[in-house]
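Novice: Residue numbers are given in this note's numbering: position 11 of the sequence shown equals residue -6, and the series is strictly consecutive.
Even for Gly, the Cβ is constructed at its ideal location relative to N, Cα and C.
Attaching a single structure in structure tokens format; questions to follow.
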Amino acid sequence: MRCSCQDDGHPAVCYEQRPYAPQSAYGPSKTANTIFAVETARCWAGDGITVNAVMPGVIRTNLMRHVDPALLARNADSDAPAPHWKTAEQGAATFVLLALSPHTECVTGQYFEDCQEANGRRAQDVCG
């Protein structure tokens, strides 16, 4: 599959025509995953299949090998809030909730983080 870049000055994530940049690729990939989950949930709603997007959090994993240590140091020195680091187990908790909890059986097309919908509603409040 060939990618194509837009002509309006905002290139698509297309690394055949420019060097791969992990930092600039991350955001669009998360957005694409979320849009895919919402659209898939809509398409399969009549089949009883639920699909949700999950934000696991900031986790020290091998993915962090692409993050420039100087960037992390600059962020730590800024006024921006420091990331709340999670363990792999903490990051997996929301995925486990969605896969196994009876409270999430009817929830679809939502964005979850910290074991609840990102808008603050608990799945058990939605499903009863």
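Note down, in chain order, each residue of its chain lying with its Cβ closer than 8 Å to the Cβ of residue 17, except the 5 sequence neighbours on either side.
Specialist: Here the question's residue 17 lines up with position 34 in the sequence shown. The residues are 36, 94.
Novice: Report the residue ranges of all beta strand (DSSP E) runs contained in full by the segment -6 to 46; include only those spanning at least 3 residues, in chain order.
Specialist: Segments of the beta strand (DSSP E) lying fully in the segment -6 to 46: 36 to 38.
Novice: Given a threshold of 16 other Cβ atoms within 10 Å of its Cβ, counted over all protein chains shown, does residue 46 qualify as buried or as exposed?
Specialist: Position 63 of the sequence shown holds residue 46. It counts as exposed.
Novice: State buried or exposed for residue 14, treating a residue as buried only when at least 16 other CB atoms are found within 10 Å of its CB.
Specialist: What you label residue 14 is simply residue 31 of the sequence shown in a count that begins at 1. By the 10 Å Cβ count, residue 14 comes out exposed.
Novice: Anyone know if the C-beta pair for residue 41 and residue 20 falls short of 7 Å?
Specialist: Against the sequence shown, residue 41 aligns to sequence position 58. Against the sequence shown, residue 20 aligns to sequence position 37. No, they are not a contact pair.
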